[in-house]
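Position 40, counted from 1, in the sequence shown is what the UniProt record's numbering calls 40; the numbers after and before it change by one each time, with no gaps.
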Amino acid sequence: MNDARQDSSATNHTTKQQSNQEKAISLARLAGSAKLNEYVDLIAIMRTAKGK
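Rendered as structure tokens:
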């Protein structure tokens, strides 16, 4: 039973990590394609989106 919880937790962590990576890629593409007039800190944006 404990193994099932660990597997589920690992799966949820992996899914969340993949989701965050997809968000980061989307933000990087957006920043790369936009003509930005000011410095944009993508890492800070991702930390904010992640809630850290």
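Yeah, the Cβ is synthetic: ideal placement off N, Cα and C, and Gly gets one too.
Please read these numbers as outputs of a predicted model, since none were measured by experiment.
Inter-residue spacing [alpha-carbon to alpha-carbon] between residue i and residue j
i	j	result
Lys23	Ala49	9 Å
Asn12	Ser26	21 Å
Ala44	Thr15	21 Å
Ala28	Arg47	14 Å
Minimum Cβ-Cβ distance from residue i to chain B less than 8 Å
i	result
Ser19	The displayed structure is made up of one protein chain only, and chain B is not part of it.
Beta-carbon proximity list for residue i, same chain, < 6 Å, skipping 5 on both sides
i	result
Leu30	none
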